[in-house]
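For reference, the structure is listed below as structure tokens.
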Amino acid sequence: MEIRKKIEEEIKSYAVNGRIACPVARKIAEKLSVSYREVGRVADELKIKITSCDLGCF
């Protein structure tokens, strides 16, 4: 499976009301061995907002 599809599936599975918490987004990136930026980019394209971001990764 293409990595982008995996990122999309992970984000969609954790998103609630169009939002996903930053720590969850970071875990997705680490699990799939992709950059935080890539997860953020896919979330933006899916119109899913990353919340509770303490580190400014997204």
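The C-terminal position of the sequence shown is numbered 57 in numbering that gives the first Met the number 0, with every residue numbered one higher than the one before it. In this text, a Cβ means the ideal position worked out from N, Cα and C, and glycines have one as well.
Close-in-space but distant-in-sequence residues of the same chain around residue i (CB under 7 Å, 5 per side omitted)
i, result
"K5", "L31"
Distance between residue j and residue i (C-alpha atoms, nearest Å)
i, j, result
"I47", "V33", "18 Å"
"C21", "E44", "16 Å"
"G55", "R25", "11 Å"
Residue i vs residue j beta-carbon contact at 7 Å
i, j, result
"I49", "I19", "yes"
"E7", "V38", "no"
"V23", "Y35", "no"
Delimiting residues of the alpha helix (DSSP H) encompassing residue i
i, result
"I49", "Element bounds for I49: not the alpha helix (DSSP H) but the beta strand (DSSP E), K48 to T50."
"D43", "Y35 to E44"
"S12", "I2 to Y13"
Limits of the beta strand (DSSP E) - the one that residue i falls within
i, result
"A20", "R18 to A20"
Contact set for residue i: own chain, Cβ-Cβ below 8 Å, skip 5 residues either direction
i, result
"I69", "Lying before the first or after the last residue shown, residue 69 is absent from the chain, which here runs from 0 to 57."
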